[in-house]
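Engineer:
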Amino acid sequence: MMNNSGPELIMGVRNLAGLEACARYADAVYFSTDRLSLRARAKEITLENLGAFTEEVRARGLRAYLAVNSTVNEGRLGEASEVVEAASDAGVDAIIAWDPAVILRARKVGLTVHISTQANVTNHETAEFYRGLGAKRIVLSRELSLEEIRQVRENSEVEIEAFVHGAMCMAVSGRCHLSAYSLGRSGNCGECTQPCRWEWELHGENGIVAESRGKYLLSAKDLYMIGHVPELVEAGISAFKVEGRLRDPGYLETVSRCYREAIAAYENGDYTPEKVEAWTRDLASVYNRGFSTGFYFGVPGLEGFSPEKGMNASENKRRAAGIVTNYYPKAGAAAVRLLEEGLAVGDEILIEGSTTYLKQQVRSMRKEGLPLNRAEKGDEVGLSVEGTVRENDRIYIIQLK
């Protein structure tokens with residue numbers, strides 16, 4: 034879906050399954066290859082298949098933005114050239130970058146440049162500086178207030194993009210060194226181990242452990258602006274960006290649908306508190322760490338952290354059950370090996386792979402040709418499926434609260 038009015042809705046994806054999940058609602062997707070990305074774990078898109086993936090994006094009527102936002106050390110300048118040339122050959126709509134070495138290479142081959150939030154653009158003069166380098170759009174720093182964004186918009190001719198939903202860094206974006214110092218894996222090179230999401234104890238000089246509401250002392254809540262869409266639009270934001278390149282397709286589908294509906298409701302004049310409440314319930318049903326409005330209305334205090342929630346405050350959880358070992362399209366069935374947990378008729382399940390995303394209820398199972406109501410861990414069974422699945426797709430049980 035490509036919207037021709039209102040702010041552009043941009044979703045982060047890592048593979049075809051994620052793209053398919055949000056294609057009905059998003060206007061554009063951003064993604065990275067396995068090179069010079071801040072999501073080093075997202076390796077499904079490579080320089081070799083970048084062109085094919087870009088074609089898949091275009092076939093669904095979306096724009097394709099490639100993130101090339103890792104730190105580029107001296108020894109990686111050649112790699113930067115390779116990535117930019119591959120992006121040009123693939124025909125992506127824009128490159129998201131902050132390093133001048135990447136920006137200059139993109140300009141040389143005629144690629145549109147969007148300045149990454151890693152550049153920490155916090156004022157209109159910096160925005161105009163990047164416009165002078167040829168940038169069409171700035172992804173503003175997450176640490177700006179709504180009023181500061183409005184001022185940048187009023188004093189600069191460059192397009193403004195801002196994050197509206199998803200994970201927040203506990204440090205200034207792009208300036209965190211916890212992972213590098215603690216484990217030698219740099220977040221600025223795409224290898225963040227997320228120490229801010231670990232459990233911590235606060236010890237006084239006397240060795241006594243300080244009391245706290247929980248042990249996730251550095252874990253920031255997720256950004257959530259579904260209740261403030263009118264203010265975002267009226268501040269002059271050209272594009273709404275959702276963080277979550279590593280999130281599962283269910284997350285991408287739900288979040289993109291909620292924000293698409295919110296944008297449409299604002300444009301149609303029927304954006305109401307009741308709708309915001311319904312969208313909030315839906316957003317709470319997928320992966321989250323609790324919700325906060327971030328810096329939009331001031332510097333967040335303790336209310337911006339989630340010390341008691343851990344990694345996932347979602348109302349729904351999923352548990353690994355097994356894998357698909359074969360698929361029989363004519364029979365509408367899959368051979369399944371239950372490696373981690375048993376399955377029962379009536380269970381809500383998710384079958385997921387790099388190109389698969391299928392939610393369904395377990396309708397029927399068979400073992401050695403005979404029907405059964407429950408299969409145990411270690412069993413190999415035939416499972417009735419309601420769509421195409423593939424060998425090695427993972428099967429999860431969805432636990433509803």
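End of the sequence shown sits at 434 in my numbering; the numbers just go up one at a time, nothing left out. All C-beta atoms, glycine included, are put in the ideal place defined by N, C-alpha and C. Predicted model, so just to flag it, every value in this text is computed and none were measured.
Can you tell me whether DSSP reads Gly283 as helix, strand or coil?
Structural biologist: Three-state result, Gly283: helix.
Engineer: With a Cβ-Cβ cutoff of 8 Å, do Ala134 and Leu110 count as a contact?
Structural biologist: Result yes, Cβ atoms of Ala134 and Leu110 sit closer than 8 Å.
Engineer: Run through the DSSP bridge pairs and tell me what Asp255 is partnered with.
Structural biologist: DSSP lists Phe324 as partners of Asp255.
Engineer: Suppose contacts are defined by Cβ-Cβ distances below 8 Å. Is Ala120 in contact with Leu137 by that definition?
Structural biologist: No, Cβ-Cβ distance for Ala120 and Leu137 is not below 8 Å.
Engineer: With which residues is His198 paired in a DSSP beta bridge?
Structural biologist: Beta-bridge pairing links His198 to Tyr257 and Val275.
Engineer: Taking the alpha-carbon positions, what's the Val191 to Arg47 distance?
Structural biologist: Spanning the two alpha carbons is a distance of roughly 28 Å.
Engineer: Specify, as a first and last residue, the run of the beta strand (DSSP E) that Gly355 falls within.
Structural biologist: Asn349 to Tyr361 is the extent of the beta strand (DSSP E) around Gly355.
Engineer: Should Phe439 go down as buried or exposed, given a rule of 16 or more other Cβ atoms within 10 Å for buried?
Structural biologist: Examination of residue 439 is not possible in this model, given that the chain is present from 34 through 434 alone.
Engineer: Do the segment 371-379 and the segment 346-360 make contact, defined as three or more Cβ pairs closer than 8 Å?
Structural biologist: Verdict: yes, contact present.
Engineer: So, at 6 Å on beta carbons, what are the nonlocal neighbours of Arg183 in its own chain, with the 5 sequence-adjacent residues on each side left out?
Structural biologist: Cβ within range, chain order: Ala268.
Engineer: Return the chain-ordered list of same chain residues with a C-beta closer than 6 Å to the C-beta of Arg96, the five sequence neighbours on each side being excluded.
Structural biologist: Cβ within range, chain order: Ala61 and Asp126.
Engineer: Can you list the alpha helix (DSSP H) stretches of 4 or more residues lying completely in the segment 113-195, in chain order?
Structural biologist: Segments of the alpha helix (DSSP H) lying fully in the segment 113-195: 133-141, 157-165 and 179-188.
Engineer: Pull the bridge partners of Phe64 from the DSSP assignment, please.
Structural biologist: Answer is Leu99.
Engineer: Could you tell me whether the segment 219-235 touches the segment 246-253, using the rule of 3 or more Cβ pairs below 8 Å?
Structural biologist: With the cut-off at 8 Å, the segment 219-235 and the segment 246-253 touch.
Engineer: Flag this pair as touching only if the segment 382-401 and the segment 281-290 have three or more C-beta atom pairs under 8 Å; answer yes or no.
Structural biologist: Verdict: yes, contact present.
Engineer: Is Leu316 near Ile259, with beta carbons less than 8 Å apart?
Structural biologist: The answer is yes: Cβ separation under 8 Å.
Engineer: Could you give the DSSP three-state label for Glu381: helix, strand or coil?
Structural biologist: Strand.
Engineer: Less than 8 Å separating the beta-carbons of Arg439 and Tyr360?
Structural biologist: Since the displayed the chain opens at 34 and closes at 434, residue 439 lies outside it and no answer follows.
Engineer: If you run the structure through DSSP and keep just helix, strand and coil, what is Leu250?
Structural biologist: Here Leu250 sits in coil by DSSP.
Engineer: Going by DSSP, which residues form a beta bridge with Gly45?
Structural biologist: Looking at the DSSP assignment, Gly45 forms a beta bridge with Tyr63.
Engineer: How is Tyr214 classed by DSSP in three states: helix, strand or coil?
Structural biologist: Helix, per DSSP.
Engineer: Under a three-way DSSP split, which group does Ile428 fall into?
Structural biologist: In the structure shown, Ile428 sits in a strand (DSSP, three-state: E or B).
Engineer: With Ala368 as the anchor, note down where its beta strand (DSSP E) starts and where it stops.
Structural biologist: First-last of the beta strand (DSSP E) with Ala368: Ala366 to Arg370.
Engineer: Apart from the five residues just before and just after Gln227, which ones in its own chain have a Cβ nearer than 8 Å to its Cβ?
Structural biologist: Same-chain partners within the cutoff: Ser212.
Engineer: In whole angstroms, give me the CA-to-CA distance for Arg91 and Lys76.
Structural biologist: Approximately 21 Å between the Cα atoms of the pair.
Engineer: For the candidate residues Ser178, Arg278 and Thr287, whose alpha-carbon lies nearest to that of His261?
Structural biologist: Residue Ser178 is the option with its Cα nearest to His261.
Engineer: For the alpha helix (DSSP H) containing Arg399, list its first residue and its last residue.
Structural biologist: Here Arg399 belongs to no alpha helix (DSSP H); instead the beta strand (DSSP E) covers Met398 to Lys400.
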